[in-house]
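2 protein chains.
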Amino acid sequence: MSKKAVVFQPRRTVEQVEEGTDLAPKFDERGLIAVVTTDATSGELLMQAYMNAEALSLTIQSGEAVYYSRSHQALWHKGKTSGLVQTVRELLLDDDQDCVWLKVDVAGGASCHVGYRSCFYRRVPVGEEYAAAQTESVVDMIFTDTEKVFDPKEVYGDAPNPTKL
Amino acid sequence: MSKKAVVFQPRRTVEQVEEGTDLAPKFDERGLIAVVTTDATSGELLMQAYMNAEALSLTIQSGEAVYYSRSHQALWHKGKTSGLVQTVRELLLDDDQDCVWLKVDVAGGASCHVGYRSCFYRRVPVGEEYAAAQTESVVDMIFTDTEKVFDPKEVYGDAPNPTKL
């Protein structure tokens, strides 16, 4: 891992932020920036999470995805427990620099703690399909992926489930 | 647009939320849920934004992306000004239902108010490339897209730039 510190630039003008090469990320009132993570090969969306300034610095330095867990209020080196480390192939910033896009390779091929390849394995009918659905008002989701890549119990054991109600 | 109301389910158990078909989204302390929007054809990441409950309902009913603008504190029917409406091909929820993935078709092919096809047109060197970069600590981003699809001045005129410093 590079020991070179990462310094973010102050946000001075819209042109600097949108059209320049300065890395001047916008952290929200919680000190966080949204991160979207896709599979570098398939392009599939794997997860959406957050980084604080330290997590973003560590990701740039190490080339491995480090997030900030809101539920644990701590840095979260993805894959440290499961072995499913995310190697960053590309890290992009959006126009106003309040969102990070990571294109990653995942060791093992799964990203979801429930055991599916992607966290997004259910879809909601919209528009005409929603209007045509038999149910009144209540929406039934439809599974798009039914095959788990791993058994969460084997990988995580008795660790508490990260999903909060 | 379907006049059928959309009712979200209460979040009762982890199993219900993760393994069931109930639509039981988790809105954060601001009443918002994160949304990731990709191009249904190319798979490219177009934008990351937020919805409140009303925006999510309207999106499901209409089949067009409606977000909640944090800066304007108002519903945001994407493309209403620019004509670049997003038609939703697929709407997915993640495992713990605190993130929405929209796969959309965009009229006109551009999603970024700066004029690029995608909001993500600059990348940050990470890991070894970061370590090898000449600059000390300060990060210079690299443009991955240099061609604008439209001229923002023609499309938006004198409307205020949405980017906040």
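Chains as they are written, first to last, in the numbering used here: chain A, 610 to 774; chain B, 610 to 774.
Just so it is clear, CB atoms sit at the ideal spot from N, CA and C, and this is done for glycine as well.
- Residue state for Val694 of chain A is assigned as coil, using DSSP reduced to three classes.
- When beta bridges are read from the DSSP output, Arg731 of chain B appears opposite A:Leu702 and B:Phe752.
- The Cβ-Cβ distance between Met660 of chain B and Cys728 of chain B does not fall below 9 Å.
- Around the beta-carbon of Thr668 of chain A, 16 or more other beta-carbon atoms lie within 10 Å, marking it buried.
- When Cβ-Cβ separations below 9 Å define contact, Gln682 of chain A makes no contact with chain B.
- His681 of chain A is classed as exposed because its beta carbon has fewer than 16 other beta carbons within 10 Å across all chains shown.
- Below 8 Å, enough C-beta pairs join the stretch 690 to 708 of chain B and the stretch 756 to 772 of chain B to call them touching: three or more.
- Cα atoms of Leu700 of chain B and Phe617 of chain A: separation of roughly 35 Å, rounded to the nearest angstrom.
- Only residues of its own chain outside the window of five on either side were considered, and among them Arg620, Ala633, Asp705 and Gln706 have a CB closer than 7 Å to the CB of Val626 of chain A, listed in chain order.
- Against chain B, a Cβ distance below 8 Å from Met660 of chain A picks out nothing, because the smallest value is about 12 Å.
- Only buried fits Ile642 of chain B, as 16 or more other CB atoms lie within 10 angstroms of its CB.
- Taking 3 residues as the shortest admissible run, the stretch 619 to 655 of chain A contains the following complete beta strand (DSSP E) segments, listed from N- to C-terminal end: 642 to 648.
- What Val623 of chain B touches in chain A, judged by beta-carbon distance under 8 Å, is Asn770, Thr772 and Leu774, going in chain order.
- Residue pairing by DSSP puts Tyr677 of chain B in a beta bridge opposite B:Leu684.
- Taking 9 Å as the cut-off, the beta carbon of Ala742 of chain A is found closer than this to the beta carbon of Asp749 of chain A.
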